[in-house]
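K.L.:
2 protein chains.
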Amino acid sequence: MDDPVLLTGASGRVGQAILSHLADEFEWRLLDREPIPEDRRYGVPESASIVADVTDDEAVADAVGGCGAVIHLAGDPRPNAPWDSVLTNNIDGTQTVYQAAVDAGVEKVAYASSNHAVGAYEAEERTPEMYRTDDEFRLDGTELPRPSNLYGVSKATGETLGRYYHDEHDLSVVCVRIGNLTKGHPPREYERGQAMWLSHPDCAHLFDRCVKAEYDYEIVYGISDNDRKYYSIERAKEVLGYEPRDNSAEYTFEGELREDAEHPEE
Amino acid sequence: MDDPVLLTGASGRVGQAILSHLADEFEWRLLDREPIPEDRRYGVPESASIVADVTDDEAVADAVGGCGAVIHLAGDPRPNAPWDSVLTNNIDGTQTVYQAAVDAGVEKVAYASSNHAVGAYEAEERTPEMYRTDDEFRLDGTELPRPSNLYGVSKATGETLGRYYHDEHDLSVVCVRIGNLTKGHPPREYERGQAMWLSHPDCAHLFDRCVKAEYDYEIVYGISDNDRKYYSIERAKEVLGYEPRDNSAEYTFEGELREDAEHPEE
Chain A
31 MDDPVLLTGA
41 SGRVGQAILS
51 HLADEFEWRL
61 LDREPIPEDR
71 RYGVPESASI
81 VADVTDDEAV
91 ADAVGGCGAV
101 IHLAGDPRPN
111 APWDSVLTNN
121 IDGTQTVYQA
131 AVDAGVEKVA
141 YASSNHAVGA
151 YEAEERTPEM
161 YRTDDEFRLD
171 GTELPRPSNL
181 YGVSKATGET
191 LGRYYHDEHD
201 LSVVCVRIGN
211 LTKGHPPREY
221 ERGQAMWLSH
231 PDCAHLFDRC
241 VKAEYDYEIV
251 YGISDNDRKY
261 YSIERAKEVL
271 GYEPRDNSAE
281 YTFEGELRED
291 AEHPEE
Chain B
31 MDDPVLLTGA
41 SGRVGQAILS
51 HLADEFEWRL
61 LDREPIPEDR
71 RYGVPESASI
81 VADVTDDEAV
91 ADAVGGCGAV
101 IHLAGDPRPN
111 APWDSVLTNN
121 IDGTQTVYQA
131 AVDAGVEKVA
141 YASSNHAVGA
151 YEAEERTPEM
161 YRTDDEFRLD
171 GTELPRPSNL
181 YGVSKATGET
191 LGRYYHDEHD
201 LSVVCVRIGN
211 LTKGHPPREY
221 ERGQAMWLSH
231 PDCAHLFDRC
241 VKAEYDYEIV
251 YGISDNDRKY
261 YSIERAKEVL
271 GYEPRDNSAE
281 YTFEGELRED
291 AEHPEE
């Protein structure tokens, strides 16, 4: 990707996982609601950062002009966020970004969806068994959303918006249902979190592939190659060339790196 | 259903198809943005009609209190409606109705979704063949939405909201992807419209079943039993007991009732 890549929500958790590994990989434009401090830009110049709200049509149109791809992360990230906030920041904001991308002739949008878009598949009768290595239950991205909260509803809506902008406006869209992103070790003593763990290096690598690969419309799961997984990563491997390096099974349940682990803790 | 049934959007096209057949079937409460004239109430007393916007939390809470079921039709019905309107009237309005229903202990919500939630399945390579009797292509409600416009995105979002309110709050929800509703004959000289035709009697009967049947969460197609169909009505038959009486094949392509038709034109 020679054209600039716009990263919305650059200061957030996912944005930082991406930037800390890929600052030199693309010509970035960084967008956030607040000015992005130097230690969160990883060498990206201040002149390439934009302070704007994703619900601001004009500001987003300016930010996206000339870009080849957008990684859209901005939004209210709280699973318990109230409806009014996710309606505005997540649903309306995401429509603004897709529309601006189409208007500007952007080629691809990688959209940060969430495990909360399908959280209600974790029904009482399936848990905690589904979080365990020997359980065969898998979601693969072809299933209908089953959000566990209104935040999850907003994320599922962003996926549907992406489908529309792909079908009707030829935008390439990949929706990444992000698992449990942590730096270093997987969540401690938390089976569900270990099953959907996404390490920082795998997160950055996955979004790198979202910018570089060719696709039409995809929904993929963003997790490391965890033994415990109940999300399939086959589609991400096949279509995007995702090759995760991490696996929560390389850590003890308490979060200690096992002695025979292939990769050092980040 | 002994408790009152709230009908939102009572003055609209679908609301009128329902009321004109079922005015005596339930104790109705009618809600619309404008006062409902007497000739659109079909004998339902003016005292049972409420003038309010579905985005008004308090008014909707008042309207729904004590009801056993809601048929939620209100919203901007234009397939080419702009984003701001469907965001407010359809997405926000539908969340308001579901939330009020849950808060009031309502048992069931029947939600008017639309063929536009899946309109982009009608891709160039499948049409017009898929509109024809001998074509086997079927959508059955288990497929992911593929909206053909932002109105369709808003309708798909109402389905996802319903899934959430069912899973997390135990509300029974049925989403009816309504086809092409016309009074009397099917759309003239329009293959697509004849394939997804929904007659007034079948529309009323289907929503009657939505109020009376028992279900958890369902997505069904609302069309008559047309020979041309590319939407399956099996799920509606099985779960709701839907027994459509009409079929666009009983009319000529030009919309004339055939001599051997089983049912008289309404």
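Sequences listed follow chains A and B, in order.
Throughout, my numbering is defined as the position within the first sequence, counted from one, plus 30.
Throughout, my numbering is defined as the position within the second sequence, counted from one, plus 30.
Even glycine gets a Cβ: it sits at the ideal position worked out from N, Cα and C.
(1) For G45(A), which option in T85(A), D62(A) and S202(A) has the closest C-alpha, if you only look at C-alpha atoms?
(2) Residues of chain A with CB closer than 8 Å to the CB of E198(B), please, in chain order.
(3) Could you round the C-beta distance between R222(B) and T163(B) to whole angstroms and report it? I think they count as a contact, below 8 Å.
(4) What distance in whole Å lies between the Cβ atoms of I101(A) and A93(A), which are believed to be in contact at a cut-off of 8 Å?
(5) What is the residue span of the alpha helix (DSSP H) that Y194(A) lies within?
(6) Going along chain A, which residues have a C-beta under 8 Å from R168(B)?
(7) Taking C-beta pairs closer than 7 Å, name the residues in chain B that D246(A) reaches, listed in chain order.
(8) How long is the line joining the alpha carbons of P175(A) and H146(A), rounded to whole angstroms?
(9) CB A291(A) to CB N256(A), shorter than 8 Å?
(10) With 8 Å set as the bound, which would you pick, yes or no: does the beta-carbon of Y194(B) sit closer than that to a beta-carbon of chain A?
(11) For T85(B), go through chain A and note every residue whose CB falls closer than 8 Å to its CB, in chain order.
(12) Do V35(A) and V84(A) have their C-beta atoms within less than 8 Å of each other?
(13) Using a Cβ-Cβ distance under 8 Å, would L201(B) count as near chain A?
(14) At a CB-CB cut-off below 9 Å, which residues of chain A make contact with V183(B)?
(15) K259(A) lies in the beta strand (DSSP E); which residues open and close that run?
(16) Given I121(A), which residues of its chain have a CB within under 6 Å of its CB, disregarding the five upstream and five downstream residues?
(17) Please list the segments of the beta strand (DSSP E) lying wholly inside the region 43-99 of chain B, counting only runs of 3 or more residues, in order along the chain.
(18) Please list the terminal residues of the continuous alpha helix (DSSP H) segment that includes V241(A).
(19) Does the pairing of the region 136-143 of chain A with the region 110-121 of chain A give three or more beta-carbon distances under 8 Å?
(20) Counting only C-beta atoms, is W113(B) closer than 8 Å to chain A at any point?
(21) Excluding five sequence neighbours on each side, which residues of the same chain lie with their C-beta closer than 6 Å to the C-beta of G98(A)?
(22) Just to confirm my understanding: we take C205(B), look at its own chain, exclude 5 residues before and 5 after, and list those with CB closer than 6 Å. What are they?
(23) According to DSSP, is K267(B) helix, strand or coil?
(24) DSSP on R222(B), reduced to helix/strand/coil?
(25) In angstroms, rounded to a whole number, what distance separates the CA positions of E244(A) and A266(A)?
(26) Of the residues S178(B), P231(B) and R168(B), which one's Cα is nearest the Cα of G214(B)?
(27) Can you give the Cα-Cα distance for P158(A) and D165(A), rounded to whole angstroms?
(28) Please compile the residues from chain B whose C-beta is within a distance smaller than 7 Å of the C-beta of D122(A).
(29) For L2(B), which three-state DSSP category applies?
(30) Specify the secondary structure class of Y161(A) as computed by DSSP and reduced to three states.
(31) Measure from the alpha carbon of R207(A) to the alpha carbon of each residue in P217(A), S254(A) and G42(A), then state which is nearest.
(32) Just to confirm before moving on: does the CB-CB distance between L103(A) and G149(A) stay below 8 Å?
(33) Cα-Cα, which of E219(B), Y220(B), F167(B) and N210(B) is closest to C233(B)?
(34) Under 8 Å between beta-carbons, which chain A residues line up against P109(B)? List them in chain order, please.
(35) Less than 8 Å separating the beta-carbons of Y194(A) and P67(B)?
(36) May I have the straight-line CA-CA distance separating G96(B) from D86(B), to the nearest angstrom?
P.N.:
Let's see:
(1) Taking the first residue of the first sequence as position 1, residue 45(A) is located at position 15. Here the closest residue by C-alpha is D62(A).
(2) The count along the second sequence starts at 1 and reaches residue 198(B) at position 168. Within chain A, the residues near E198(B) are A150, S178 and N179.
(3) On the second sequence, position 192 is the one that residue 222(B) refers to. On the second sequence, position 133 is the one that residue 163(B) refers to. About 13 Å; that fails the 8 Å criterion.
(4) Position 63 of the first sequence, counting from 1, holds the residue named residue 93(A). Position 71 of the first sequence, counting from 1, holds the residue named residue 101(A). The pair is not a contact, with the Cβ atoms about 12 Å apart (cut-off 8 Å).
(5) The sequence position of residue 194(A) within the first sequence is 164, counting from 1. Note, Y194(A): alpha helix (DSSP H), L180 to H199.
(6) On the second sequence, residue 168(B) is found 138 positions in, with the first residue counted as 1. Those do not exist, as R168(B) stays about 17 Å from chain A at its closest Cβ, beyond 8 Å.
(7) The count along the first sequence starts at 1 and reaches residue 246(A) at position 216. Within chain B, no residue comes near D246(A); the closest Cβ sits about 12 Å away, beyond 7 Å.
(8) As a first step, residue 175(A) is located in the first sequence; it is residue number 145 there, counting from the start. As a first step, residue 146(A) is located in the first sequence; it is residue number 116 there, counting from the start. Near 9 Å, if we compare the C-alpha coordinates of H146(A) and P175(A).
(9) For the purposes of this step, residue 291(A) is identified with residue 261 of the first sequence, where counting begins at 1. For the purposes of this step, residue 256(A) is identified with residue 226 of the first sequence, where counting begins at 1. Not a contact, by the Cβ cut-off of 8 Å.
(10) Working through the second sequence from its first residue, we reach residue 194(B) at position 164. Taking Cβ atoms only, chain A reaches closer than 8 Å to Y194(B), which makes this a yes.
(11) For the purposes of this step, residue 85(B) is taken as the residue at position 55 of the second sequence. Result: empty, since nearest Cβ-Cβ is about 11 Å, beyond 8 Å.
(12) The residue labelled residue 35(A) in the question sits at position 5 within the first sequence. The residue labelled residue 84(A) in the question sits at position 54 within the first sequence. Contact flag unset, no.
(13) Against the second sequence, residue 201(B) aligns to sequence position 171. Not an interface residue.
(14) Translated into the one-based positions of the second sequence, residue 183(B) becomes position 153. Under the 9 Å cutoff, chain A gives Q125, T187, T190, L191, R193 and Y194.
(15) As a working note, residue 259(A) is residue 229 in the first sequence. Careful: K259(A) lies outside any beta strand (DSSP E) and carries neither H nor E.
(16) Counting from one through the first sequence, the residue named residue 121(A) turns up at place 91. Around I121(A): S184 and T187.
(17) 58-62 and 79-81
(18) The count along the first sequence starts at 1 and reaches residue 241(A) at position 211. Here the alpha helix (DSSP H) through V241(A) covers H230 to K242.
(19) no
(20) Position 83 of the second sequence holds residue 113(B). Judged by the 8 Å Cβ criterion, W113(B) is in contact with chain A.
(21) As a first step, residue 98(A) is located in the first sequence; it is residue number 68 there, counting from the start. Around G98(A): M31, D33 and E137.
(22) Position 175 of the second sequence, counted from the first residue, corresponds to residue 205(B). Cβ within range, chain order: Y141, S143, E189, G192 and I249.
(23) Along the second sequence, one-based indexing puts residue 267(B) at 237. Here K267(B) sits in helix by DSSP.
(24) Position 192 of the second sequence, counting from 1, holds the residue named residue 222(B). It is helical.
(25) In the first sequence, the residue the question calls residue 244(A) occupies position 214. In the first sequence, the residue the question calls residue 266(A) occupies position 236. In a straight line, the C-alpha of E244(A) is about 12 Å away from that of A266(A).
(26) What you label residue 214(B) is simply residue 184 of the second sequence in a count that begins at 1. Measuring from the Cα of G214(B), the nearest candidate turns out to be P231(B).
(27) For the purposes of this step, residue 158(A) is identified with residue 128 of the first sequence, where counting begins at 1. For the purposes of this step, residue 165(A) is identified with residue 135 of the first sequence, where counting begins at 1. Rounded to whole angstroms, P158(A) to D165(A) spans 10 Å at the Cα level.
(28) As a working mapping, residue 122(A) is identified with position 92 in the first sequence. Within 7 Å Cβ-Cβ: L117.
(29) Since the displayed chain B opens at 31 and closes at 296, residue 2(B) lies outside it and no answer follows.
(30) The residue given as residue 161(A) occupies position 131 in the first sequence. The answer is helix: DSSP assigns Y161(A) an H, G or I state.
(31) Here residue 207(A) corresponds to residue number 177 of the first sequence, with the count starting at 1. Selected option, being the one with the closest Cα: S254(A).
(32) As a working note, residue 103(A) is residue 73 in the first sequence. As a working note, residue 149(A) is residue 119 in the first sequence. No; because the gap between Cβ atoms is not below 8 Å, this pair is not in contact.
(33) Within the second sequence, the letter at position 203 stands for residue 233(B). The shortest Cα separation from C233(B) among E219(B), Y220(B), F167(B) and N210(B) belongs to N210(B).
(34) Your numbering for residue 109(B) matches position 79 in the second sequence. Residues of chain A passing the Cβ test: none, with the nearest at roughly 12 Å.
(35) Walking along the first sequence from the start, residue 194(A) turns up at place 164. Walking along the second sequence from the start, residue 67(B) turns up at place 37. No, the Cβ-Cβ distance between Y194(A) and P67(B) is not below 8 Å.
(36) What you label residue 96(B) is simply residue 66 of the second sequence in a count that begins at 1. What you label residue 86(B) is simply residue 56 of the second sequence in a count that begins at 1. Their Cα atoms are separated by approximately 18 Å.
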